[in-house]
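Engineer: First the structure, then my questions, so here it is.
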Amino acid sequence: MTPPISEQRRAPMPLSMRRLADLSRKLVVGLAAGSLAVGVAPRAMATETPPQIDHTYGVYADGLRALTITARYAITPDGYAIRSTMRSAGILGWVVRMNLTSQATGHFVPDGVNPVSFDSAGYSRGADRHVVLDYNDGRAHIALETPPEPSREPIPAESLAPAKDTLSALIQMQRAVRAHHSCDGSAIVFDGARLLRVQAWTVGQQDMPDDSRQPYHGSALRCDFTDVQIAGFRQSDGPGSAARKTIQGKVWFQDVPGDGLTIVRVLFDHPKFGRLAIVMQG
């Protein structure tokens, strides 16, 4: 079992805007959809407005508060709609600024999810950025990407086509966990800049590590995952760069009153940022 996150506070090491933005994208991949949120969209949801669930997560980089994720989501038997907002917080919020909102809608299909739309916009890496994906023919297309990032290698259309946006991929994991108490599977994920291959597998019930920042304790369903970038590299990302290394992590689900099996804790080690933790607030 991974040891508890240290409660010892150390002097903060400033992160650049680019590094914090990269950190936030990694964290979204690590979260399950129960941690994210939603505005109800007519094409994805039934006519009657479903109940909406709100969650807040604290994100810690090597023990220091880095981000706050506020979330709202709604699910019907046919589809889902999600909205999540990430804002810089804590000591690191004095150094950098981030305010990024992402939203997605989609339908459920027998083998997973069929995304309908994805939109991510806000201030990140020193600029106002906006990415829109559409799935008009069931394949992912970049409908809008501003400002352009010429320092990144372009992602071929045939590689991007099977990708799901981050929120849709996460809600697919949540649905599997709630239906089968299992998260075994893989997905190609596009986070607005990078193409990722994410794999997850079930470990089983176990006690979570103690963490005073976390109100949820005791037995939880643990799943492990890996996340590796496969396209969208910067020109400076050489063969030995951190961007090309596989991220390994752990995620714990508990039955949250009024919601169901929901992610309450994520823990992983990042080659650039060290020990990262996402914990659901009370």
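The numbering of the sequence shown is our numbering, which starts it at 10 and goes up by one. Yeah, the Cβ is synthetic: ideal placement off N, Cα and C, and Gly gets one too.
#1: Would you mind reading off the limits of the alpha helix (DSSP H) that contains ALA166?
#2: With 16 as the cutoff for other CB atoms within 10 Å, does ALA3 come out buried or exposed?
#3: Please report how far the alpha carbon of SER177 lies from the alpha carbon of VAL122, in whole angstroms.
#4: Since THR255 contacts GLN263 with CB under 8 Å, what's their CB separation in whole angstroms?
#5: Return the CA-CA distance between HIS64 and GLN112, expressed in angstroms with no decimal places.
#6: Measuring CA to CA, which of ALA149, ASP128 and PHE242 is closest to THR155?
#7: With DSSP run on the structure shown, which of helix, strand or coil describes THR9?
#8: Provide the residue span of the beta strand (DSSP E) that contains MET95, from first to last.
#9: Taking the beta carbon of ASP200 as the centre, do at least 16 other beta carbons fall within 10 Å, making it buried, or is it exposed?
#10: What is the rounded straight-line gap between the Cα of PRO60 and the Cα of TYR82?
#11: Between which two residues does the beta strand (DSSP E) harbouring MET289 extend?
#12: Less than 8 Å separating the beta-carbons of ALA292 and ALA170?
#13: For ALA113, which three-state DSSP category applies?
#14: Drop a sphere of 10 angstroms on the beta-carbon of SER228, count the other beta-carbons inside from all chains shown, and report buried for 16 or more, exposed for fewer.
#15: Quick test of the definition: if touching needs 3 or more C-beta pairs under 8 Å, does the region 180-194 touch the region 93-102?
#16: Which of the three DSSP states is assigned to HIS150 in this structure?
#17: For VAL140, count neighbouring C-beta atoms within 10 Å of its own C-beta (all shown protein chains included) and say buried if the count is 16 or more, exposed if not.
#18: Would you tell me roughly how many angstroms separate the C-alpha atoms of ASN145 and VAL125, rounded to the nearest one?
#19: Roughly how many angstroms separate the alpha carbons of SER93 and ILE78, rounded to a whole number?
#20: Considering ILE256, what are the terminal residues of the beta strand (DSSP E) in which it resides?
#21: Are at least three pairs of beta-carbons, each pair with one atom in the region 154-168 and one in the region 241-261, less than 8 Å apart?
#22: At the level of alpha carbons, what is the spacing between VAL273 and ARG138?
#23: Check each candidate in LEU76, THR110 and LEU230 and name the one with the smallest Cα separation from ASP216.
Structural biologist: By the coordinates alone:
#1: Its alpha helix (DSSP H) spans residues 166-169.
#2: Any answer about residue 3 is impossible in this case: the structure gives the chain only from 10 up to 291.
#3: Between SER177 and VAL122, the C-alpha separation is close to 7 Å.
#4: Actually they do not touch by this definition, with Cβ atoms about 27 Å apart.
#5: If I take the Cα positions, the gap works out to 15 Å.
#6: The shortest Cα separation from THR155 among ALA149, ASP128 and PHE242 belongs to ASP128.
#7: In the structure displayed, the chain extends from 10 to 291; residue 9 sits before or after that span and is not available.
#8: Its beta strand (DSSP E) spans residues 88-97.
#9: ASP200 counts as buried, since at least 16 other C-beta atoms from the protein chains shown sit within 10 angstroms of its C-beta.
#10: Rounded to whole angstroms, PRO60 to TYR82 spans 9 Å at the Cα level.
#11: That run of the beta strand (DSSP E) goes 283-289.
#12: Because the chain here runs from 10 to 291, residue 292 falls outside it and cannot be looked at.
#13: If DSSP states are grouped into helix, strand and coil, ALA113 belongs with the strands.
#14: The C-beta of SER228 has fewer than 16 other C-beta atoms within 10 Å across all chains shown, which makes the residue exposed.
#15: By the criterion of at least three beta-carbon pairs nearer than 8 Å, the region 180-194 is not in contact with the region 93-102.
#16: Looking at HIS150 - three-state DSSP - the assignment turns out to be strand.
#17: A residue is called buried once 16 or more other Cβ atoms fall within 10 Å of its Cβ, and VAL140 is buried on that count.
#18: Computed Cα separation, rounded: 8 Å.
#19: When only Cα atoms are considered, SER93 and ILE78 end up about 7 Å apart.
#20: Per DSSP, ILE256 belongs to the beta strand (DSSP E) from 256-265.
#21: Contact between the region 154-168 and the region 241-261 is present, because at least three Cβ pairs lie under 8 Å.
#22: For VAL273 and ARG138, the distance between alpha carbons rounds to 29 Å.
#23: The residue with the shortest Cα to Cα distance from ASP216 is LEU230.
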